[in-house]
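Worksheet: one structure, shown below.
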Amino acid sequence: MIDSNRPVILIADDDIEDRLLAQEALEASHYKGKTLFVEDGEELLDYLHGAGKYADRSAYPLPSLILLDLNMPKKDGREALQEIKAHSCFQRIPIVVLTTSSADEDMVKSYDLGVNSFLNKPVQFDEFVALMNSLCTYWFSFNKTPLASRF
1 MIDSNRPVIL
11 IADDDIEDRL
21 LAQEALEASH
31 YKGKTLFVED
41 GEELLDYLHG
51 AGKYADRSAY
61 PLPSLILLDL
71 NMPKKDGREA
81 LQEIKAHSCF
91 QRIPIVVLTT
101 SSADEDMVKS
111 YDLGVNSFLN
121 KPVQFDEFVA
131 LMNSLCTYWF
141 SFNKTPLASR
151 F
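What the sequence shown shows, in the UniProt record's numbering, is residues 1 to 151, in sequence order.
Dropping the structure here:
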């Protein structure tokens with residue numbers, strides 16, 4: 001069971017190495033919440049809807065923040081983002097695109113679909129730790145959202 005007073009970051013990324021790097025960077029940045037992972041856009045939507053293995057909301061609560069890779073199999077990040085932002089129950093969940101893509105059209109399309117921020121994945125581990133530290137500080141200490149009252 002997850003402590004409902006702690007933030008939950010849900011990371012949607014198909015690359016196992018990127019998921020491990022993100023988890024290690026969050027741990028190194030002293031993030032005190034829970035980190036959960038899904039591997040593609042379909043699994044992300046299943047998680048949000050509490051479908052299948054994600055039916056237990058005490059184990060799989062709605063996230064406080066979604067970190068979304070764009071290029072994933074089955075349903076890519078763009079498609080998932082569009083569906084998430086079209087659903088009234090999920091519109092207020094902050095979504096940060098975290099991608100290796102530096103294509104302007106990916107950035108523009110992401111913002112057009114309602115992403116809250118667009119970031120490139122750092123190559124160096126220390127830069128990834130600094131990014132995760134900044135993200136957590138911003139979203140969970142400084143930024144105020146309707147979801148913030150949960151933690």
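We put the beta carbon where it would ideally sit given N, CA and C, even for glycine.
Spanning the alpha carbons of Asp18 and Cys89 requires a straight line of approximately 28 Å. For the pair Asp40 and Pro63, the CB atoms are not nearer than the 8 Å cut-off. In the three-state DSSP reduction, Asn120 falls in the strand class (E or B). Shown here for Leu36: same chain residues with a beta carbon closer than 8 Å to its own, the five before and five after excluded, namely Val8, Ile9, Leu10, Ile11, Tyr47, Tyr60 and Pro63 in chain order. Under the DSSP definition of a beta bridge, Phe128 lacks any partner.
Sequence-distant partners of Ser29 (beyond 5 residues in either direction) whose C-beta falls short of 7 Å from its own C-beta, in its chain, are Val129, Met132, Asn133 and Cys136.
Rounded to whole angstroms, the separation of the alpha carbons of Glu42 and Arg57 is 18 Å. Spanning the alpha carbons of Tyr111 and Tyr138 requires a straight line of approximately 19 Å. Annotated three-state conformation of Lys34 is strand, per DSSP. Within the same chain, and ignoring the five residues on either side of Lys85 in sequence, the residues whose Cβ sits closer than 7 Å to its Cβ are Gln91, Leu113 and Gly114. When Gly77, Val123, Thr145 and Leu70 are compared, the shortest CA-CA separation from Ala25 is found for Val123. The Cβ-Cβ distance between Val96 and Leu65 falls below 8 Å. CA-to-CA, the gap between Ile93 and Met107 works out to about 19 Å.
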